[in-house]
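*Asks:* Can you keep this structure in mind? I'll have questions shortly.
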Amino acid sequence: MARTAGWIRRQLPGIVALALLAVAFVIVKLPSASPAERQEMASTYGFKPMNIALPGGFKNQTIRRVNQDYTHIDAWISSVGAGISMNDLDGDGLSNDLCVTDPRIDQVVVTPTPGLKADRYAPFALVPSGLPMNDVMAPMGCVPADLNEDGRMDLLVYLWGRTPIIYLAKADADGLSAAAYQAIEAVPPRSSTPGYTGPQWNTNAVVVDDFDGDGHDDVYVGNYFPHGPVLDDKLSGGVAMNHSMSHGINGGEDYFLRWTASGPASVSFQEIGDALPLNVSKGWVLAAAATDVDGDMLPEMYLGHDFGPDRMLRNSSSPGQIRFTVVEGTRTPLVPKSKVVGLDSFKGMGVDFGDLNGDGLYDMFVSNITTTFGIQESNFAFMSDAKDKSQVRADLSQGHAPWKDLSAPLGLAWSGWGWDLKIADFNNSGQPAIAQSTGFVKGEVNRWPLLQELATANDQVLQHPVWWPNVRAGDDVGGSQTFMFYVKGADGYWSNVAGELGMSIPVPTRGVATGDADGDGRLDMAVARQWDEPVFYQNTSTSEGGFLGLRLTHERADASLSGSPVVGAQVTLTMPDGRKQISRVDGGSGHSGKRSSEVHFGLGENVTGPVQVNLCWRDRSGEIHEQNLQLSPGWHDIQLGAQATER
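Heads up: the sequence shown runs through residues 1 to 647, numbered per UniProt numbering.
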């Protein structure tokens, strides 16, 4: 007994410490919704999964050929490239056309959404006729935009191994087909030598917006790997990995393509390589989002950088000159560095702007790696703590980013290996939900232990691929993680109800696109899956909430055309009870999923009459306009020139 008592006395400090930890865990443990509560939260949502038609005749692959230095991590290198966009490509007034980037065939496919009007045309792959191509290139994503301003939606495809390609919609095309597009270079060729001689950009993020405020859409191009032969299996060398897990700034440089001229079958851009500081431009960017957060009608940007730090950028541009400056949050003693805007060491994979708390200011949701017993970072729910846009503008001008991460207390911190996401109101309740893709590499052999070792490796060896552990076909890293669908409860806490909605499929997902494909006022969703079939989720919500939908286009002479979306236009809706909602015409924010060009608001079940809408936009000359309208629930087509005119 004496021996036992002595052992207890010696171990008493440890026993007390463990007891205190257990008590503290119980005290601070975050709330979680019960199964019954989650079922109730999911009850007003509904989605029907539908197959997306794809063309046949292409050779399938299960993993890409890569540079010989990457052979032992070829599954890691092959973990991106599944992208999807929703928009109105054929001018029928509905966002019922998809642009799918499928890594299984390394093709970019245009196909109708399933369901209503799915027989309008046969699915087809875009053909870069006349452009120099080779077998060491692969498409990563597709951004719909009217780049030559003729009222027809074009497609910008970004790739690994070359600069982006623009597919201009032909004026004389009869329906959608491969022949309906003319492929041109986004960046003019630097040499007349046959074959592709341009730079080997490895692009993973593209956003279209009027960055310099001249009234014309520009293009941000975010490159991941340093420029080089990532996909050339005949070569050894000329490639690298990140030189740090927490401060990697040796990636590929980013560029802006500033619009300079356009015509019926042409568009020209000036390549701008110095709009960002070098330590921002060379981040390993995986996602980007743009919108005007401070009310000056110049879009700010958030860049999601793998291997940290992400960057929040204040727009200080003027017509003809694109410039951004870095802004950062303020760290306090009780806030970890990585939970502060612009100071994190996390792995930014996806980002979207949206008003998550209904204060009329933009918040930001950012995907990171959040796997328990894997790499346990957290997502970011950066909530604005400014009182209004004027304070946001004042803070940004002083270099301060007025947002604080509240992901943990809101229930949004942990999901998995996060990727693309979209903030949207899927049940017309007036409250947004968050749809998030997750998962990395699917296989049979768990490689998390090796990845954890890599995460703690010396930064001096990381940039050399030879030091990375094997991640090849058959290896698994988060391969069974599932799609997430976060809904806000009455207590303000968010819960994932994807399981209740039948969306928890154990397949890695990537791009998320949203739009109203059938015009019923309920947002549908398309999801790209990495090395698996993409899926279309038709919205079957039984909620009786009303909606307001806006198709905001530039003035046009030809009424038969859909018109050019006024990318960057800001919309503020005031509800009868005084509450405000905000949104914008988005130009491609996210990772590899692109939402449609329409603006959509849910109104809830009690709003049946007109609501007040404030519009703010730039016309083609760059002049800013603002106008208030009273609009009834439903869809509205509005042309924006010197004033807003409903068609």
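Idealized CB from N, CA, C, for every residue including glycine. Computed from a prediction, not measured in an experiment: that's the story for all the values here.
1) Could you give the C-beta distance for Gly198 and Arg152, rounded to a whole number, given that I count them as a contact under 8 Å?
2) On the three-pair Cβ rule with 8 Å, is the segment 565 to 585 touching the segment 384 to 400?
3) The beta strand (DSSP E) spanning Ile77 covers which residue range?
4) Taking the beta carbon of Lys59 as the centre, do at least 16 other beta carbons fall within 10 Å, making it buried, or is it exposed?
5) Since Met349 contacts Gly251 with CB under 8 Å, what's their CB separation in whole angstroms?
6) Following the continuous beta strand (DSSP E) through Arg584, name the residue where it begins and the one where it ends.
7) For Val461, report the span of its alpha helix (DSSP H) as first-last.
8) Counting C-beta neighbours from all protein chains within 10 Å, is the total for Val507 16 or more, i.e. buried, or is it exposed?
9) Are Gly215 and Asp619 closer than 7 Å when you measure CB to CB?
10) Could you pull out every unbroken alpha helix (DSSP H) segment of at least 4 residues lying fully inside the segment 265 to 334, listed in chain order?
11) Under 7 Å, do Tyr255 and Val221 count as touching if we go by C-beta distance?
12) Please give the ranges of any beta strand (DSSP E) in the segment 556 to 628, keeping only runs that are unbroken, at least 3 residues long and fully inside the region.
13) Going straight from the alpha carbon of Tyr493 to that of Leu286, what length do you get?
14) In chain order, what residues of the same chain have a beta carbon less than 7 Å from the beta carbon of Asp637, not counting five sequence neighbours either side?
15) Could you check where the beta strand (DSSP E) with Pro409 kicks off and where it finishes?
16) Go ahead and label His464 buried or exposed: buried means 16 or more other beta carbons lie within 10 angstroms of its beta carbon, across all protein chains shown.
17) Using the DSSP secondary-structure output, state which residues sit across from Thr509 in a beta bridge.
18) If we count the other Cβ atoms within 10 Å of its Cβ and call it buried at 16 or more, is Arg579 buried or exposed?
19) So, do the segment 235 to 242 and the segment 168 to 182 have three or more beta carbon pairs nearer to each other than 8 Å?
20) Of all the options Tyr302, Asp274 and Phe353, which has the alpha carbon lying nearest to the alpha carbon of Arg323?
21) Would you say Trp259 and Phe269 are within 7 Å of each other, going by their C-beta atoms?
22) By DSSP's criteria, Phe58 is part of a beta bridge. Which residues make up the other side?
23) Would you identify the three-state DSSP class for Asp69, choosing helix, strand or coil?
24) Quick test of the definition: if touching needs 3 or more C-beta pairs under 8 Å, does the segment 430 to 441 touch the segment 33 to 42?
25) Taking DSSP as the reference, what is the three-state secondary structure of Asp395?
26) Do you know offhand how far Val23's Cα is from Arg331's?
27) Across which residues does DSSP place Leu640 in a beta bridge pair?
28) Could you name the residues of the same chain whose beta carbon sits closer than 8 Å to that of Met241, not counting the 5 residues immediately before and after it, in chain order?
29) Hey, which unbroken runs of the beta strand (DSSP E) at 3 residues or more fall wholly within the segment 460 to 503?
30) Among all the DSSP beta bridges, which residues are the ones paired with Lys48?
31) So, is Gln643 buried or exposed, given that buried needs 16 or more other C-beta atoms within 10 angstroms?
32) Among Lys347, Asp385, Leu231 and Ser246, whose alpha-carbon lies nearest the alpha-carbon of residue 652?
33) Determine the extent of the alpha helix (DSSP H) in which Gln452 is found, giving its start and end residues.
34) Decide if Glu300 is buried, meaning its Cβ has at least 16 other Cβ atoms within 10 Å, or exposed.
35) With 16 other CB atoms within 10 Å as the buried threshold, where does Asp425 fall?
*Replies:* Quick look at the numbers:
1) Actually they do not touch by this definition, with Cβ atoms about 26 Å apart.
2) Counting Cβ pairs under 8 Å, fewer than three are found: no touch.
3) No beta strand (DSSP E) holds Ile77; the alpha helix (DSSP H) holding it covers Asp74 to Ile77.
4) exposed
5) Actually they do not touch by this definition, with Cβ atoms about 14 Å apart.
6) Lys580 to Arg584
7) It spans Asp459 to Leu462 - the alpha helix (DSSP H) in which Val461 sits, taken as one unbroken run.
8) buried
9) yes
10) 278 to 281
11) yes
12) 570 to 574, 580 to 584, 599 to 604 and 611 to 618
13) 28 Å
14) So the qualifying residues of the chain are Arg551, Glu646 and Arg647.
15) Element bounds for Pro409: not the beta strand (DSSP E) but the alpha helix (DSSP H), Ser407 to Leu410.
16) exposed
17) Arg529
18) exposed
19) no
20) Asp274
21) yes
22) Answer by DSSP bridge pairing: none, since Phe58 is not bridged.
23) helix
24) no
25) helix
26) Only weak support is given to the placement of Val23: the predicted model assigns it a pLDDT of 43, under 50, and the question is left unresolved by the model.
27) Bridge partners of Leu640: His554 and Ala644.
28) Leu462, Gln463, His464, Pro465 and Trp468
29) Scanning the segment 460 to 503 for uninterrupted beta strand (DSSP E) segments of 3 residues or longer gives 484 to 488 and 494 to 496, listed from N- to C-terminal end.
30) According to the DSSP secondary-structure assignment, Lys48 is paired through a beta bridge with Gln538.
31) exposed
32) No information on residue 652 is available, as it lies outside the stretch 1 to 647 that the chain covers here.
33) Trp448 to Ala455
34) Buried, since its Cβ has 16 or more Cβ neighbours within 10 Å.
35) buried
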